[in-house]
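Take 77 as the starting number for the sequence shown in my numbering and just add one per residue.
What follows is a set of notes on a single structure, which appears directly below.
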Amino acid sequence: MTAKKNKAPDKQKKIKPDWDEYFMAIADVVATRSNCSRRHVAAIIVKDRRIISTGYNGTPRGVKNCDEGGCPRCSSNSPSGHNLRECICCHGEENAIVQAACHGISVKDSTIYSTYSPCLLCSKMIINAGIKEVVFRKKYHIESTAEDMMRSVGIKVRQIE
C-alpha cells in the first residue's frame, strides 16, 4: 500500500496593488472621515512613496460639522453644481495642502491622489504649492478648466480606475 502525500491547499498568490492602487485605496479610507452630507472626498499627498499629508472635505476646524447642519448649502436641497457660493466646506485637496503647511511640510514636487478631480480653486492651490502630479478616480463633472490649466503649467494629470 502506498502512503498518500498530504498536499497543502493551493494558496493563490496574493496580488500586491501597484502604488496608484495602494494610495487611492488609502484616499478612499480617508474619505470616510468626511462630515459632508453630500459627497465624501479625500486627498493624500505623497512624496517619494511616503504619505506626507491627508485631507477630506468638510467644514473648517471649529465650525459646526456639515452633517450637523453647519453648511447652509449642504443642508439645502440645491441640486449638484448649484448654489456653490453658499457652501462653507473645505475640499479634500485644500485640507491636505493646508495640513502640510500647518505642520511645516513642503509639498513641492509631490503627487496628490484624490478621489475626485480637483475643482478650479483646488487646482490653483495645487499649482502654487508646487505639486507635480495629480491622480484621481472620478471626474468632477462641473470642472474642465481646472484640468486644462494644470496641464498648461506642466502638471501631470491622470485618471485611474
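Positions of the beta carbon are idealized from the N, C-alpha and C atoms, including for glycine.
Subject >> Nearest to residue 192 (by Cα), restricted to the options 94, 89, 115 and 95 >> reply: 115
Original post:
Of the choices 236, 106, 130 and 103, whose alpha-carbon is the least far from that of residue 171?
Top reply: Of the listed residues, the one whose Cα sits closest to residue 171 is 130.
**OP:** Jot down the residue ranges of each uninterrupted beta strand (DSSP E) in the region 91-176, minimum 3 residues, whole runs only, in chain order.
**Re:** 118-123 and 126-132
Subject >> Closest Cα partner of residue 143 within the set 181, 110, 103 and 92 >> reply: 110
Original post:
Span of the alpha helix (DSSP H) holding residue 231?
Top reply: Neither: residue 231 is in no alpha helix (DSSP H) and is coded neither H nor E.
**OP:** Could you tell me how far apart the beta carbons of residue 133 and residue 168 are, in whole angstroms, since I believe they sit closer than 8 Å?
**Re:** 5 Å
Subject >> C-alpha gap between residue 186 and residue 198, whole angstroms >> reply: 15 Å
Original post:
Would you report the Cα separation of residue 234 and residue 184, rounded to the nearest angstrom?
Top reply: Looking at the two C-alpha atoms, the distance is approximately 18 Å.
**OP:** Would you kindly work out how many angstroms separate the C-alpha atoms of residue 101 and residue 128, rounded to a whole number?
**Re:** 16 Å
Original post:
So, is residue 190 buried or exposed, given that buried needs 16 or more other C-beta atoms within 10 angstroms?
Top reply: buried
Subject >> The alpha helix (DSSP H) enclosing residue 199, as first and last residue numbers >> reply: Residues 196-205.
Original post:
Does the beta-carbon distance from residue 208 to residue 231 come in below 8 Å?
Top reply: yes
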